[in-house]
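Colleague: Got a structure for you, written out below as structure tokens; questions coming shortly.
Number of protein chains: 2
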Amino acid sequence: MHAPASQTTAPVRIADYLVERLRQHDVDHVFGVPGDYVLGLFAHLEETALTIVNTCDEQGAGFAADAYARLRGLGVVCVTYGVGGLKVANSTAQAFAEESPVLVISGAPSRAERAGDTLLHHVVNGHDNQHRIFERLTVASAVLDDPDTACREIDRVIDAALTHQRPVYLEIPRDMTLMEVIRPQPPVPTVRHSDGPTLAAAVDDAVSLLRAARQPVAFLGVEAVRLGLLPAALDLIERTSIPTAVTPLDKSAISEQHRCFIGVYGGAMSRKPVQEYVESSDCLLMLGALLTDLNLGGNTARLAPERSIHATRHQVRIGYRTYDRVRLEDFVAALAAADLPDCSRGVKPEAPAPVAEWQPRPETAMTVARLFERLGTFLSDTTVVIADPGDATFGALDLPVRQDHDFLANAFYASLGFAVPASIGAQLAAPERRPLVLVGDGAFQMTGMELSTSLRYGLNPVVVVLNNGGYLTERLIVDGAFNDVLPWDYTRLTDLFGGGRSFTVETEEDLESALAEAGASPDLCLLNVHLAAADASPALHRLAEGLGVMAGSRTA
Amino acid sequence: MHAPASQTTAPVRIADYLVERLRQHDVDHVFGVPGDYVLGLFAHLEETALTIVNTCDEQGAGFAADAYARLRGLGVVCVTYGVGGLKVANSTAQAFAEESPVLVISGAPSRAERAGDTLLHHVVNGHDNQHRIFERLTVASAVLDDPDTACREIDRVIDAALTHQRPVYLEIPRDMTLMEVIRPQPPVPTVRHSDGPTLAAAVDDAVSLLRAARQPVAFLGVEAVRLGLLPAALDLIERTSIPTAVTPLDKSAISEQHRCFIGVYGGAMSRKPVQEYVESSDCLLMLGALLTDLNLGGNTARLAPERSIHATRHQVRIGYRTYDRVRLEDFVAALAAADLPDCSRGVKPEAPAPVAEWQPRPETAMTVARLFERLGTFLSDTTVVIADPGDATFGALDLPVRQDHDFLANAFYASLGFAVPASIGAQLAAPERRPLVLVGDGAFQMTGMELSTSLRYGLNPVVVVLNNGGYLTERLIVDGAFNDVLPWDYTRLTDLFGGGRSFTVETEEDLESALAEAGASPDLCLLNVHLAAADASPALHRLAEGLGVMAGSRTA
Chain A
1 MHAPASQTTA PVRIADYLVE RLRQHDVDHV FGVPGDYVLG LFAHLEETAL TIVNTCDEQG
61 AGFAADAYAR LRGLGVVCVT YGVGGLKVAN STAQAFAEES PVLVISGAPS RAERAGDTLL
121 HHVVNGHDNQ HRIFERLTVA SAVLDDPDTA CREIDRVIDA ALTHQRPVYL EIPRDMTLME
181 VIRPQPPVPT VRHSDGPTLA AAVDDAVSLL RAARQPVAFL GVEAVRLGLL PAALDLIERT
241 SIPTAVTPLD KSAISEQHRC FIGVYGGAMS RKPVQEYVES SDCLLMLGAL LTDLNLGGNT
301 ARLAPERSIH ATRHQVRIGY RTYDRVRLED FVAALAAADL PDCSRGVKPE APAPVAEWQP
361 RPETAMTVAR LFERLGTFLS DTTVVIADPG DATFGALDLP VRQDHDFLAN AFYASLGFAV
421 PASIGAQLAA PERRPLVLVG DGAFQMTGME LSTSLRYGLN PVVVVLNNGG YLTERLIVDG
481 AFNDVLPWDY TRLTDLFGGG RSFTVETEED LESALAEAGA SPDLCLLNVH LAAADASPAL
541 HRLAEGLGVM AGSRTA
Chain B
1 MHAPASQTTA PVRIADYLVE RLRQHDVDHV FGVPGDYVLG LFAHLEETAL TIVNTCDEQG
61 AGFAADAYAR LRGLGVVCVT YGVGGLKVAN STAQAFAEES PVLVISGAPS RAERAGDTLL
121 HHVVNGHDNQ HRIFERLTVA SAVLDDPDTA CREIDRVIDA ALTHQRPVYL EIPRDMTLME
181 VIRPQPPVPT VRHSDGPTLA AAVDDAVSLL RAARQPVAFL GVEAVRLGLL PAALDLIERT
241 SIPTAVTPLD KSAISEQHRC FIGVYGGAMS RKPVQEYVES SDCLLMLGAL LTDLNLGGNT
301 ARLAPERSIH ATRHQVRIGY RTYDRVRLED FVAALAAADL PDCSRGVKPE APAPVAEWQP
361 RPETAMTVAR LFERLGTFLS DTTVVIADPG DATFGALDLP VRQDHDFLAN AFYASLGFAV
421 PASIGAQLAA PERRPLVLVG DGAFQMTGME LSTSLRYGLN PVVVVLNNGG YLTERLIVDG
481 AFNDVLPWDY TRLTDLFGGG RSFTVETEED LESALAEAGA SPDLCLLNVH LAAADASPAL
541 HRLAEGLGVM AGSRTA
């Protein structure tokens, strides 16, 4: 069992100190794959209050930890050196891009081994190589090779993850894991302050713009979610009644049943009335939104900077003026506390009529559009939708999600294969939620075997495989045989794994009965939804039209 | 179709120049997964003489290219930026460690995109980030962002891969792919010379030692294989009749039916007579062998440097003296041409009696030892054995392989999950060979889905899954639930993929009939071989005894 928190200077083992700190930050699970350089730590963790979650491959552990971090505030992936560490380089890059505080722990050769010149397994190009690589993928990193500083370095690195909401890296030489060291003084977490007069000027200027605006629109962004600013931001939104949009990456930052919600904005992939309303706004109040390319429909977004108040973790920018040393937290709080005008002046775009009851059409083949219509009625207050990049995300943009944390997508970094392992992290982080995983068949072939991990740990996602025989989004750009994948019979996975239930969905009636059974079942359920090779969601059709592609399929 | 080689200065498209150079180096296949930054190159490759091989995940493409490189002399993996590139960081590190010339080609944002400040999908921490990471994993790299130097850079980077037998990296901004540039003068490949007098001194000293030795032993190593030195080295071995061993990484550098072959040496995991013979030798002539930890049985090897002539690509070392600027190629050639003594003075260790005909014992459960005995009789002149790390490799050490390139294992870097994707690269590189893939169940769960790729491209490996419910080697070091994997019914994979044949093997009779059918079948065959959780090969037993572990299972 791990030692209780203590203010004394009694000796503590490095691994115990690490566990203690992780527990203080609400971490209950560590995702990883064992290997000899990290076996001592795994064996030790097994004796603590932390639960080790073994994935099939390290890639899955990295994505699971990312999703866990998004819901819990900190996620941990624990791997061996080289063959483990380098396999989570990509998931760590994603966490960096999308501001997810993931701690990567890598075992490593002992200090004696590092000092020698033997060629060691899993080690390439010097003992600092993996550390140097992770310096480029994290905001803080340390090799715990010094007993005098190890605990402080743990504190520093975890603090950086929380301060910057980005991944960090700890490398533990295997002889250090259980070493007893002097407990350091309790850490002093980083507290950053805004510059008062600059903050006041930024708020004044923002209020003036909002007051003068004919048709203001707010964006509630992922940084506001990560920093826990939703209550203050929602207070601001409700007091002003400002029509509020989200980008795909931010979807579910505000309930889509909220009276102020107008829709998901992603350039040309938006619903037309939403796109027009946002783009004709004369004052965009963007709170923590990341303006990234794919997330805004390629280059189809028209968000004029001269009409924008864009507040991020790094800067507040109003029109062409920037306000330095203004923290997003302080800006949102101060703006919410300011004397704000009513902002409901525009005529909001009409929301699509909700599909109250979906009726399957007899003997009608499934289409992407109809699939997402039906999925909209499948959502409940306990669903968390997890969408893989591509049409699984595009199609999901129109799903009427309800509350904060109802939707996870890696719509900025867009690494295929995120959704299945993310559902493991998400359900362990929020056990009251049931993941609805939306994933294309190409992406599913990358990480779908991690459903084995879901079964092993008693998780029960509903997994919808959009089976169209290949990479749809790429087919629309430049097509060739390289966009095809071998058609698997995905329903056989439950036989392979020896658990869960699976359903073949070819018609609307198949979908209806499969979702009815899946909704009622306590088991992991997989739906293999057969779709035409070129069928696309309404959002992807809109995007393709906006980008002027889609004509090029196969013959480009 | 790609342009023919030409000495003119006519314009050439960058992609055509690249294809031309690859074809000149015997490359017929490119392994990868498409993504939008590299779609233009994929579409172009599809029109050339190169065949694109789509794997399920980029990791599989990286390992396949590594195996292809080992058999063909150059392998190519082609991926998109970030989500593709970073997923092959680990396989590239392996190629670096084990000296395999793999060219990593990554698509990238266009030059205009790189010059802008938009947040782009797949891009993290600056546009030079992936390049900087791959500089740490390769011996040469270039971003082809300059039309004036692009072709020369291609030449320089490919030349470095061949010169150093290590991976290299090319990043192609997507607007450059089809750009027409001036064809450069034909490249002048690097030619390196040894220092003549130093070479002569090294050869003289080596000959003196061999002449004085009571019991000389040669090691034929992987660097001799990569550099094509086997004919000269075998000439030397045969003229001197020197007893010759290999390490696990080098297995099959010499036929195990060769009169001079004495066995595989890997410290304590060697057969006892081999270990004793090697360790009592007073003159070890090691030609291109890499002395790495795991490959030599952890720290159980006893190869005294004072009795060693150790020639590698980087240095010749005799006893405690080093000879700089002596190339391995020149040393082997000069030594083979020297006036050499007969070296057959020792009494060679007795080889185990070959199992001529293996008789299944009725109703007897499979054991690892009996499995490998039977596999020894399954080998033919067209088999290439590919062993994953762990007991799949340890057990395979006693397999009587026949000729150069009969055996592939990543026994130095030891990344689990190599064998299945490696079999794709190996069989495409040498289509007359049929891979026999040996893989533990833990490793199989990482990359086994790449058998889908094998089926897609009409390949027919025989895949033996050593199914003991977890990570055996780790169980012997420190055990815990984290060493278990969910038991899959691996035979269901052929249903999932819709091709191939599968067999459940629980008894010796099951094995006999499964191998008889697999040997006669033209299809991909998968054997799910059930083994007891703690059952280990004779080599692993010897290693565990040498390391003093094995007692610790579960209760450590």
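So the sequence lines, in the order shown, correspond to chains A and B.
If you're matching positions, the first sequence starts at 1 in the working numbering and goes up one per residue.
If you're matching positions, the second sequence starts at 1 in the working numbering and goes up one per residue.
All C-beta atoms in this analysis are idealised placements derived from N, C-alpha and C, irrespective of residue type, glycine included.
Given that a residue counts as buried once 16 or more other Cβ atoms are within 10 Å of its Cβ, and exposed if not, what is ALA43 of chain A?
Modeller: It counts as buried.
Colleague: Measuring CB to CB, does VAL420 of chain A end up less than 8 Å from VAL437 of chain A?
Modeller: Yes, the pair counts as a contact, with Cβ atoms nearer than the cut-off.
Colleague: Report yes or no: is there a C-beta of chain B within less than 8 Å of the C-beta of ASP489 of chain A?
Modeller: Output row for ASP489 of chain A: interface = yes.
Colleague: With a threshold of 8 Å between beta-carbons, can LEU543 of chain B be considered close to chain A, or not?
Modeller: So no, LEU543 of chain B is outside the interface.
Colleague: Quick one: which chain A residues come within Cβ less than 9 Å of PHE394 of chain B?
Modeller: Residues of chain A passing the Cβ test: none, with the nearest at roughly 13 Å.
Colleague: Apply the 10 Å Cβ neighbour rule to LEU86 of chain A and answer buried if 16 or more other Cβ atoms are within range, or exposed otherwise.
Modeller: So LEU86 of chain A counts as buried.
Colleague: Taking only beta carbons into account, state which residues of the stretch 279-301 of chain A come closer than 7 Å to chain B, listed in chain order.
Modeller: Those residues of the stretch 279-301 of chain A that come within reach of chain B (Cβ to Cβ, closer than 7 Å) are LEU290, LEU291, THR292, ASP293, LEU294.
Colleague: Could you check which residue in A:PRO389, A:ASP398, A:PRO349 has the C-alpha nearest to that of LEU371 of chain A?
Modeller: Residue A:ASP398 is the option with its Cα nearest to LEU371 of chain A.
Colleague: Taking only beta-carbon atoms, is LYS251 of chain A less than 8 Å away from chain B?
Modeller: Answer no: the Cβ-Cβ gap between LYS251 of chain A and chain B never drops below 8 Å.
Colleague: What residues from the stretch 132-157 of chain A come within 9 Å of chain B, judged by C-beta to C-beta, listed N to C?
Modeller: For the stretch 132-157 of chain A, which is checked against every Cβ of chain B, the residues closer than 9 Å are ARG132, ILE133, ARG136, LEU137.
Colleague: Leaving out five residues before and five after TYR277 of chain A in sequence, what residues of the same chain have Cβ atoms less than 6 Å from its Cβ?
Modeller: Correct list, in chain order: PRO349.
Colleague: If you pair each beta-carbon of the stretch 104-113 of chain A with each one of the stretch 280-292 of chain B, do three or more pairs fall below 8 Å?
Modeller: Short answer: they don't touch.
Colleague: Among B:THR312, B:GLY440, B:GLU450, whose alpha-carbon lies nearest the alpha-carbon of GLY442 of chain A?
Modeller: Closest by alpha carbon: B:GLU450.
Colleague: List in chain order: all unbroken beta strand (DSSP E) runs of 3+ residues lying wholly within the stretch 157-199 of chain A.
Modeller: Taking only runs of at least 3 residues, the beta strand (DSSP E) segments lying wholly in the stretch 157-199 of chain A are 168-173, 180-182.
Colleague: Between the alpha carbons of HIS2 of chain B and GLU180 of chain B, how many angstroms are there, rounded?
Modeller: Model confidence at HIS2 of chain B stands at a pLDDT of 46, short of 50, so the residue's coordinates are unreliable; what they give is reported in the following sentence. Cα-Cα distance, rounded: 13 Å.
Colleague: Under 8 Å between the Cβ atoms of THR393 of chain B and GLY417 of chain B?
Modeller: Not closer than 8 Å, so no.
Colleague: State the DSSP-derived secondary structure class of PHE503 of chain A, mapped to helix, strand or coil.
Modeller: In this structure, PHE503 of chain A counts as strand in the three-state DSSP scheme.
Colleague: Chain A partners of TYR413 of chain B, CB-CB under 9 Å?
Modeller: In chain order: GLY82, VAL83, HIS121, HIS122, VAL123, VAL124.
Colleague: Output yes if chain B places a C-beta closer than 8 Å to the C-beta of PRO305 of chain A; else output no.
Modeller: Not one chain B Cβ lies under 8 Å of PRO305 of chain A.
Colleague: Quick one: is LYS87 of chain A near chain B, going by C-beta distance under 8 Å?
Modeller: Yes - at least one Cβ of chain B is within 8 Å of the one on LYS87 of chain A.
Colleague: Is it the case that the stretch 294-303 of chain A contacts the stretch 258-267 of chain A, given that we only count it when at least three CB pairs across the two stretches are under 8 Å?
Modeller: Counting Cβ pairs under 8 Å, three or more are found: they touch.
Colleague: If you measure from the beta carbon of ASP495 of chain B to each beta carbon in chain A, is any gap under 8 Å?
Modeller: Output row for ASP495 of chain B: interface = yes.
Colleague: Would you kindly work out how many angstroms separate the C-alpha atoms of SER513 of chain B and GLY519 of chain B, rounded to a whole number?
Modeller: Answer to the nearest angstrom: the Cα atoms are 10 Å apart.
Colleague: Our contact map puts HIS122 of chain B next to VAL83 of chain B with C-beta atoms below 8 Å; I'd like the distance itself, whole angstroms only.
Modeller: Contact flag correct, Cβ pair sits at about 5 Å.
Colleague: Which class does HIS131 of chain B belong to by DSSP, given the choice of helix, strand or coil?
Modeller: Here HIS131 of chain B sits in helix by DSSP.
Colleague: Alpha carbon to alpha carbon, how far is PRO173 of chain B from THR80 of chain B? Give it in angstroms, no decimals.
Modeller: Computed Cα separation, rounded: 10 Å.
Colleague: For TYR559 of chain A, which residues from the same chain have a beta carbon less than 8 Å from its beta carbon, with the 5 sequence-adjacent residues on both sides left out?
Modeller: As displayed, chain A neither begins before 1 nor continues past 556, which places residue 559 of chain A out of reach and without an answer.
Colleague: Going along the stretch 497-528 of chain B in order, which residues come within less than 7 Å of chain A, judged by CB to CB distance?
Modeller: So the list reads PHE497, GLY498, given in the order they occur along the chain.
Colleague: What residues from chain B crowd round GLU474 of chain A, counting only those whose CB sits closer than 7 Å?
Modeller: What GLU474 of chain A touches in chain B: PRO34, ASP36, LEU39.
Colleague: Could you give the distance in angstroms between the alpha-carbon of LEU22 of chain B and the alpha-carbon of ALA97 of chain B?
Modeller: Approximately 23 Å between the Cα atoms of the pair.
Colleague: Evaluate HIS310 of chain B with the Cβ neighbour count: other Cβ atoms within 10 Å of its Cβ, from every protein chain shown; 16 or more gives buried, anything less gives exposed.
Modeller: With 16 or more Cβ atoms within 10 Å of its Cβ, HIS310 of chain B is classed as buried.
Colleague: Would you kindly work out how many angstroms separate the C-alpha atoms of LEU249 of chain A and HIS541 of chain B, rounded to a whole number?
Modeller: Near 53 Å, if we compare the C-alpha coordinates of HIS541 of chain B and LEU249 of chain A.
Colleague: Taking only the alpha-carbon atoms, compute the straight-line gap between LEU340 of chain A and VAL203 of chain A and give it to the nearest angstrom.
Modeller: Roughly 10 Å between the two C-alpha positions.
Colleague: Within the 8 Å Cβ cut-off, does ILE386 of chain B reach chain A?
Modeller: No, ILE386 of chain B lies away from the interface with chain A (no Cβ there is under 8 Å from its Cβ).
Colleague: Could you say which of B:ASN129, B:GLY116, B:ARG136 lies nearest to VAL124 of chain A if we only look at CA atoms?
Modeller: For VAL124 of chain A, the nearest C-alpha among the options comes from B:ARG136.
Colleague: At a cut of 8 Å, does the stretch 317-328 of chain A reach the stretch 184-201 of chain A through at least three beta carbon pairs?
Modeller: Short answer: they touch.
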